[in-house]
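Student: Residue numbers (UniProt numbering), protein chains in the order written: chain A, 1 to 470; chain B, 1 to 274.
Don't be surprised by glycine CBs; every beta carbon is placed ideally from N, CA and C.
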Amino acid sequence: MAEKKVKKEKTPRVKMPEQAPDVRNRNFEEVPLGLTPEMAQMEAARCLQCKKPACVEGCPVSVNIPGFIRKIVDGDFAGATATLWEKNALPAVCGRVCPQEIQCEGRCIVGKKGEPVAIGYLERFAADYARKSGNVALPAVAEKTGKKVAVVGSGPSGLTVAGDLILKGHDVTIFEAFHKTGGVLVYGIPEFRLPKDIVGSEVATLEQLGVKIETNNVVGTTVTVDELLEEGYDAVYVGVGAGLPRFMNLPGENLIGVFSANEYLTRTNLMKAYLFPKYDTPVAKGKNVVILGAGNVAMDSARTAMRLGAESVKVVYRRSREEMPARAEELHHAEEEGIEFVLLTNPVQFFGDESGRLTGMECLKMELGEPDASGRRRPLPIEGSEYKMDCDLVVVSVGAKANPLLTNATPEIGLNQWGNIIADPATGKTTKKGVWAGGDIVTGMATVILAMGAGREAADSIHNYLTLGW
Amino acid sequence: MFKIVQREEMAQGTIVLNEIEAPRIAAKAKPGQFVILQANETGERIPLTMADVDTEKGTITIIYMIVGKSTSLFGSMAVGQEYYAVIGPLGKATHLEKKGKVVCVGGGTGIAVLHPITRGLKEVGNEVITILGSRNKDLLIMEEKMAKVSDTLHICTDDGSQGHHGFVTDVLKDVLEKEDIGLVVAIGPVPMMKFVSMITKEKNVETLVSLNPIMVDGTGMCGGCRVSVGGETKFACVDGPEFDGHNVDYDELSKRLQAYQTEEKISMDACQCK
């Protein structure tokens, strides 16, 4: 009896096999290698199959977590994916990029006394297994309603709305400004965190279900929201993200070698500049690279710079380690790969040579004062602490704001003081009838899964509208 | 979707015209706006201002000089072949207003960009004086089309093989001396726009230029195309591409255009499309 108890407690949480840091920091292959079926089944067996699962409450799209894990235990991997699909159109993506530690896994009861069940790894395992085996059990699509929905933007929230509404029997068309679908999943998050063929495969599954996609269409200029409504769409969902980079407005910021994270990552990921000259788009390769900011995008930029061959990559951040907004796992990965953190430091100006190329940066050391409105301790400059840091490439990664292209063309959609769309938090309804919005265009820059959660709520509201009325 | 329906070689094959099927763009495009094009999946996205649109046929026309890998790739495409991506119309349209007498100055392929703007200025009732420049008469494009939309047309060549022997700025100075000009529009190489703006600033004549910085997305998402105008940073793709010529930092623009010189050469050398 006692022996049995000990055995149960000692099944440790599975460790995800990874590429070694000194190998992976020079390639763009995915860092975590995924679980084997044996590892997945062993980990799945750690789940207690709670009657009232707290993990599900922690998931913004309410995936039936014990249900899909049970199927893995039983060896029904295709069935596990089908269970995921009922609530989540992008399981292979979410298994990789969700901050599980503050969502499902953060609520897992097993985690109270030890390490939580690795729900993210298992979600990823099921989705990958289904994709690789080709054994995908697609969920049933409801009878056609004859209603048409336009989804603007093919990022996480748009794809969620499209997936939900196609299953409910509506006719869905996605409009995407770029030549490829996926939004931040293809232009922002690097290949080594989220391989692009996985995004492609999840979008292809949506297409198999009947979702139509129109790429190269910039809603706001190529066509407006009003024109979509006139063209016969019964509802429009706006999920265009926060795609307008912030710069710091410092002297020398327009020198060659200073990039927004959006440009640096778009060139590398979407345009595949890391494969230049096989692909035609170039990207600057710095020797001494500085990344300004400390969020996930900053970590992505830093790790990208290392893989493009930098000799040194520094993350320069004005606050201290505790305030860094990036996920702990990302900071850990970055550190393992040789990225340095220069904390309590803020840039003042950039220097360049005669040809306009960046040569260095002047910094000021900071100390932390009283907490500010955000609850974080405010960084204050230390007088006389200026010093020069040599660098030939700077990536400004201090956030992004709402892009006004779409909203300028449709003034009836109400905006707040930052240019974000005002939408009902419970339904996603905007101030314009028949138009919903969600994701970063409403909240400002946030996470993939929050955008998906907003998409889920908007899809439910759109469905109610199309079947019952506004 | 983005099929080439007409192809024409100009200026001894160094400049190429493509008329492309793009009905959604053709329905919307206004003078001064541009598109981003990508030849194939491994290609890069490059901006080109539309030289013309045909709303009935649902086509747009672009004219480009073959200068590197991407334009060589574009140039190698035949009628019936398709562009992988064409996105637009992008950027702000030219503000067309009756100013009385206006001068339209074009150099090189800038003449193609200038064409719909000149036509627009003519249509709203301006008297249009056009000055076109090129290195020699063989490199001059769209002379007849520009003549149709202008009241007066001056040609300048660097070698004197046609028209005035010298720069467009020589003729411009002359025109500004003799006429009361309400607006100058200058589109062409950066030094040309810079010198035109210097001349018109002395005379205090409002001047519009169309800038051509490096772009990636063309929708305001990356800031690769940023330019300094009146001391402020602007994104040419959404705030422009047209700006007040007197406030543009041309030296910064010239430098930023050289950012990928090395890579551009590597790309061209690796290409079989020369």
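Determine, for K5 (chain A), whether the minimum Cβ-Cβ distance to residues of chain B falls below 7 Å.
Tutor: Reliability of the predicted coordinates at K5 (chain A) is poor, the pLDDT of 49 falling under 50, and no value is obtained from them.
Student: Can you pull out the residues from the segment 383 to 412 of chain A whose beta carbon lies closer than 9 Å to at least one beta carbon of chain B?
Tutor: Flagged, chain order: V396, A400, N403, P404, L405.
Student: Per DSSP, what kind of secondary structure is I15 (chain B) in: helix, strand or coil?
Tutor: Residue state, collapsed to three classes: strand.
Student: Buried or exposed, going by whether 16 or more other CB atoms sit within 10 Å of the CB of P251 (chain A)?
Tutor: P251 (chain A) is exposed by the Cβ-count criterion.
Student: In chain A, which residues lie less than 9 Å from G223 (chain B) when you measure between Cβ atoms?
Tutor: The contacting residues are L244, P245, F247, F259, S260, N262, E263, V396.
Student: Helix, strand or coil, according to DSSP, for P190 (chain A) in the structure here?
Tutor: Residue state, collapsed to three classes: coil.
Student: Counting only runs that start and end within the segment 296 to 351 of chain A, where is the alpha helix (DSSP H) found for 4 or more residues in a row?
Tutor: Entirely contained in the segment 296 to 351 of chain A, the alpha helix (DSSP H) runs reaching 4 residues are, in chain order, 296 to 307, 328 to 336.
Student: If you measure from the beta carbon of Y233 (chain A) to each beta carbon in chain B, is any gap under 7 Å?
Tutor: Taking Cβ atoms only, chain B never reaches closer than 7 Å to Y233 (chain A), which makes this a no.
Student: Compare the C-alpha of L364 (chain A) against each of A:R319, A:G338, A:V395 and name the closest.
Tutor: Selected option, being the one with the closest Cα: A:R319.
Student: Strictly by DSSP, which residues pair up with L364 (chain A)?
Tutor: Its beta-bridge partners are A:N346.
Student: Between the C-alpha atoms of D28 (chain B) and I46 (chain B), what's the straight-line distance to the nearest angstrom?
Tutor: The sequence shown places Lys at residue 28 (chain B), rather than the Asp named in the question. Going from the Cα of K28 (chain B) to the Cα of I46 (chain B) covers about 20 Å.
Student: According to DSSP, which residues form a beta bridge with D171 (chain A)?
Tutor: DSSP lists A:K148 as partners of D171 (chain A).
Student: Would you please verify whether the beta carbon of N269 (chain A) is less than 7 Å from any beta carbon of chain B?
Tutor: Not an interface residue.
Student: Could you tell me which chain C residues have their CB closer than 7 Å to the CB of Y250 (chain B), listed as they occur along the chain?
Tutor: Although the question refers to chain C, the structure presented lacks it and instead comprises the protein chains A and B.
Student: What residues in its chain sit with their C-beta under 7 Å from that of A82 (chain A), if we drop five residues either side in the sequence?
Tutor: The residues are A137, P139.
Student: If I measure Cβ to Cβ from G293 (chain A) and keep anything under 6 Å in the same chain, skipping five residues before and after, which residues do I get?
Tutor: Contacts found: S397, V398.
Student: For the segment 180 to 189 of chain B against the segment 219 to 229 of chain B, are there 3 or more C-beta pairs whose distance is under 8 Å?
Tutor: They do not touch, by the three-pair rule.
Student: Determine, using beta-carbon pairs with one atom in the segment 369 to 382 of chain A and one in the segment 218 to 230 of chain A, whether at least three such pairs fall under 8 Å.
Tutor: With the cut-off at 8 Å, the segment 369 to 382 of chain A and the segment 218 to 230 of chain A do not touch.
Student: For Q6 (chain B), count the other beta carbons within 10 Å of its own beta carbon; 16 or more makes it buried, fewer makes it exposed. Which is it?
Tutor: Exposed: under 16 other Cβ atoms inside 10 Å.
Student: Any C-beta of chain B sitting closer than 7 Å to the C-beta of I256 (chain A)?
Tutor: Closer than 7 Å to some Cβ of chain B, the Cβ of I256 (chain A) qualifies, so yes.
Student: Determine whether the beta carbon atoms of F341 (chain A) and V315 (chain A) lie at a separation below 7 Å.
Tutor: Yes, Cβ-Cβ distance for F341 (chain A) and V315 (chain A) is below 7 Å.
Student: For the alpha helix (DSSP H) holding T169 (chain B), just list the boundary residues, first then last.
Tutor: It spans 168 to 178 - the alpha helix (DSSP H) in which T169 (chain B) sits, taken as one unbroken run.
Student: Would you say G356 (chain A) faces chain B, with C-beta separation under 7 Å as the test?
Tutor: Chain B, which has a Cβ nearer than 7 Å to the Cβ of G356 (chain A), makes this yes.
Student: Of all the beta strand (DSSP E) runs that stay within the bounds of the segment 198 to 251 of chain B, which reach a length of 3 or more residues?
Tutor: As far as the segment 198 to 251 of chain B is concerned, its whole beta strand (DSSP E) runs of at least 3 residues are 207 to 210, 226 to 229, 232 to 235, 242 to 244.
Student: Is there at least one Cβ from chain B nearer than 7 Å to N416 (chain A)'s Cβ?
Tutor: Not closer than 7 Å to any Cβ of chain B, the Cβ of N416 (chain A) fails to qualify, so no.
Student: Compare the C-beta of G231 (chain B) against all C-beta atoms of chain A and say whether one is closer than 7 Å.
Tutor: Judged by the 7 Å Cβ criterion, G231 (chain B) is not in contact with chain A.
Student: For L90 (chain B), return the contacting residues in chain A, with the cut-off set at a CB-CB distance below 8 Å.
Tutor: Residues of chain A passing the Cβ test: V218, T221.
Student: If the cut-off is 8 Å on Cβ atoms, which residues from the segment 255 to 270 of chain B count as contacting chain A, listed in chain order?
Tutor: Flagged, chain order: K255, R256, Q258, A259, Y260, E263, E264, I266, S267, A270.
Student: Of all the CB atoms in chain A, is at least one closer than 7 Å to the CB of R226 (chain B)?
Tutor: At least one chain A Cβ lies under 7 Å of R226 (chain B).
Student: Just confirm the distance between the C-beta atoms of T266 (chain A) and Y274 (chain A), as a whole number of angstroms; I'd bet it's less than 8 Å.
Tutor: Contact flag wrong, Cβ pair sits at about 12 Å.
Student: Got a sec: does the ligand PLP put a non-hydrogen atom nearer than 6 Å to the Cβ of V297 (chain A)?
Tutor: Only the bare structure without any ligand can be found here, which leaves the ligand PLP out of the picture.
Student: Which one or two residues does DSSP pair with R7 (chain B) in a beta bridge?
Tutor: DSSP lists B:N18 as partners of R7 (chain B).
Student: Select from B:L114, B:C104, B:A259 the residue whose C-alpha is nearest the C-alpha of L176 (chain B).
Tutor: When each option's Cα is compared against that of L176 (chain B), the closest is B:C104.
Student: Of all the alpha helix (DSSP H) runs that stay within the bounds of the segment 426 to 454 of chain A, which reach a length of 4 or more residues?
Tutor: The segment 426 to 454 of chain A contains these whole alpha helix (DSSP H) runs: 440 to 443.
Student: Consult DSSP for Y64 (chain B) and reduce its assignment to one of helix, strand or coil.
Tutor: DSSP places Y64 (chain B) in strand when its eight states are reduced to three.
Student: According to DSSP, what are the bridge partners of M389 (chain A)?
Tutor: Bridge partners of M389 (chain A): A:M361.
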